[in-house]
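J.: Top line first, the protein sequences correspond to chains A and B. Okay, so the first sequence: first residue is 2 according to our numbering, each after it adds one. Okay, so the second sequence: first residue is 203 according to our numbering, each after it adds one. Would you mind keeping the following structure in view while I ask a few things?
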Amino acid sequence: MTIKFADVAPEYVSFYIAGALDVRIPLDHDLTGLIASDECINVMCLYWNEGDTKITLGPVEELPYRSEAPRFDGMLQTPEHKVILFDVNTPEILSMDVSETKTRVRIWTNHPTQPDDVVIGLG
Amino acid sequence: MESKESTAHRTGWWLAGLRMQLATGRLISASKAGFRPDQPRVPRGNPDGGKWTYEPGYARVHRVARRRAGGGHVRIGNRWHSITLAQEARLAQSTGAMRGALRDVRKLDPKWKPPPQAYSTVEGLISANRAEPGPFAREWVSAPSTNRRLARSEQQEVDRIGRKWGCHRCGTKEPGTRSSSFVGDHQVPKSMGKPTRIYPHCLRCSSSQGGLLSTYLFRVQK
């Protein structure tokens, strides 16, 4: 597998990571910047008018080594053996096939609520 | 024993209250059922003189049911608010639409409810039901006709409006962004049409709206 990149400017300062599009998106009422359920992770990012947010998606063993602990480390349901990144206007920002129906996801961000660099490691 | 001055003061208050009641009555009559004062009526001298009538180019007259005894008020939060017949009709219409949407959203997030600030008034409640600009929407910036970002002057205008009126949905004057800029909220949302206006949004409302819209578009509409 290869590492994938995307520069995005979501209309609603968030993008979502899930195993399918028809999921319940957890809402971040407490502005934690990152909130997750079993089937979807809501990641806040930079306000669209202030620039793009760079997203890196790849198998964790292929990503460059990071000394800091991930901001999120949990399991995501991936019943269709796929992880999809999407937002309200883009049904697929990035996607990656996975082997299991539950996939470990680790996320590193460079800001608690408005990162412009988000790294997502799978597996 | 009260002094003459105190009695005069009380009479003044009483008269002011009476004037206020009369003014409110006139206001309620003027907005009754949403009729405009210049809407055509049957001329004086006719058997139906004074009643609303229909002329080409004007809205048709529709009979509305008489208000039930004790009606005319709606409870929002812990307070009762006066409501006109026109507002009642619009509220009923918007509530019907909102109930369906709310039912769908609560299937996904049983605990979700709109922030209480969003509908602390009758108009706020109607507006919140329709997912229109929120109750604090007063001024806006014209949305660019292309998909470009806002120019610095446009963002400054969004911020000025936000600092003056607050987030158009919840009214907070703290945008919550790291730059202290308000998030420009397209109305209508880009996913639902071509936006013509941009209102200031706080980070929390922007994120919530995005999650709800995405849920609606990708799950409920499926």
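Here a beta-carbon is modelled for each residue, glycine too, at the ideal position from N, C-alpha and C. In this text the structure is predicted, and so the values were computed from the model without any measurement.
Mind checking if valine 14 of chain A is an interface residue toward chain B, Cβ cutoff 8 Å exclusive?
T.: Yes, valine 14 of chain A lies at the interface with chain B (some Cβ there is under 8 Å from its Cβ).
J.: Since isoleucine 4 of chain A is in the alpha helix (DSSP H), which residue starts that stretch and which ends it?
T.: It is not in any alpha helix (DSSP H) - isoleucine 4 of chain A carries neither H nor E in the DSSP assignment.
J.: At which residues does the beta strand (DSSP E) containing isoleucine 26 of chain A begin and terminate?
T.: Segment: none, isoleucine 26 of chain A is in no beta strand (DSSP E) and carries neither H nor E.
J.: Leaving out the 5 sequence neighbours to the left and right, which residues in its chain are closer than 6 Å to methionine 394 of chain B when beta-carbon positions are compared?
T.: Cβ neighbours of methionine 394 of chain B beyond the five flanking positions: none.
J.: Counting only C-beta atoms, is valine 44 of chain A closer than 8 Å to chain B at any point?
T.: No, valine 44 of chain A does not count as interfacial toward chain B.
J.: Under the rule that 16 or more other beta-carbon atoms within 10 Å means buried, what is histidine 82 of chain A, buried or exposed?
T.: Histidine 82 of chain A is exposed by the Cβ-count criterion.
J.: Please report how far the alpha carbon of proline 377 of chain B lies from the alpha carbon of arginine 362 of chain B, in whole angstroms.
T.: Taking the straight line joining both Cα atoms gives about 12 Å.
J.: Touching or not, the region 71 to 80 of chain A and the region 102 to 120 of chain A, by the rule of three or more beta carbon pairs under 8 Å?
T.: Short answer: they touch.
J.: For a test of the three-state rule: what should DSSP assign to alanine 271 of chain B, helix, strand or coil?
T.: At alanine 271 of chain B the pLDDT is 42, less than 50, meaning the model places this residue with poor confidence and gives no usable figure here.
J.: Start and end of the alpha helix (DSSP H) containing lysine 375 of chain B?
T.: Per DSSP, lysine 375 of chain B belongs to no alpha helix (DSSP H) and is neither H nor E.
J.: Determine which residues of the region 383 to 404 of chain B have a Cβ less than 8 Å from any Cβ of chain A, and write them out in chain order.
T.: Cβ contacts with chain A come from Ser383, Val385, Gly386, His388, Pro391, Lys392, Ser393.
J.: Smallest Cα separation from cysteine 407 of chain B: which of B/Val360, B/Phe384, B/Val343?
T.: The candidate whose alpha carbon is nearest that of cysteine 407 of chain B is B/Phe384.
J.: Please classify tyrosine 66 of chain A as buried or exposed, where buried requires at least 16 other C-beta atoms within 10 Å of its C-beta.
T.: That one is exposed.
J.: So with CB distances below 7 Å, who are the chain B contacts of valine 89 of chain A?
T.: Going along chain B in sequence order, the residues near valine 89 of chain A (Cβ under 7 Å) are Ser393, Gly412, Leu415, Ser416, Leu419.
J.: State yes or no: is the beta carbon of glutamate 51 of chain A nearer than 8 Å to at least one beta carbon in chain B?
T.: Cβ-Cβ to chain B under 8 Å: yes for glutamate 51 of chain A.
J.: Please specify which runs of the beta strand (DSSP E), each continuous and at least 3 residues long, are wholly inside the region 37 to 86 of chain A, giving them in chain order.
T.: The qualifying runs are 41 to 45, 54 to 60, 73 to 78.
J.: I need the boundaries of the beta strand (DSSP E) containing lysine 366 of chain B, first residue and last residue.
T.: From DSSP, lysine 366 of chain B is part of no beta strand (DSSP E) but of the alpha helix (DSSP H) over 354 to 367.
J.: To the nearest angstrom, how far is the alpha carbon of asparagine 43 of chain A from that of glycine 252 of chain B?
T.: If you take the alpha carbons of asparagine 43 of chain A and glycine 252 of chain B, they lie about 60 Å apart.
J.: Could you work out which residues of chain A lie near threonine 379 of chain B, taking near to mean beta carbons separated by less than 7 Å?
T.: What threonine 379 of chain B touches in chain A: Tyr48, Gln115.
J.: Give me the residue from B/Leu405, B/Thr374, B/Arg365, B/Gly386 with the minimum Cα distance to arginine 399 of chain B.
T.: The option with the nearest alpha carbon to arginine 399 of chain B is B/Gly386.
J.: Please list the partners that glutamine 357 of chain B has in chain A, where partner means a Cβ-to-Cβ separation under 8 Å.
T.: Within 8 Å Cβ-Cβ: Asn50.
J.: So, at 7 Å on beta carbons, what are the nonlocal neighbours of proline 92 of chain A in its own chain, with the 5 sequence-adjacent residues on each side left out?
T.: Excluding residues within five positions, the ones whose Cβ falls inside 7 Å are Leu22.
J.: Indicate the three-state DSSP secondary structure (helix, strand or coil) for glycine 252 of chain B in the structure shown.
T.: Coil, per DSSP.
J.: Is it true that the region 365 to 375 of chain B meets the region 348 to 356 of chain B, where meeting means three or more beta-carbon pairs spaced less than 8 Å apart?
T.: No: fewer than three Cβ pairs fall under 8 Å.
J.: In the structure shown, what three-state DSSP assignment does glutamine 115 of chain A receive?
T.: DSSP places glutamine 115 of chain A in coil when its eight states are reduced to three.
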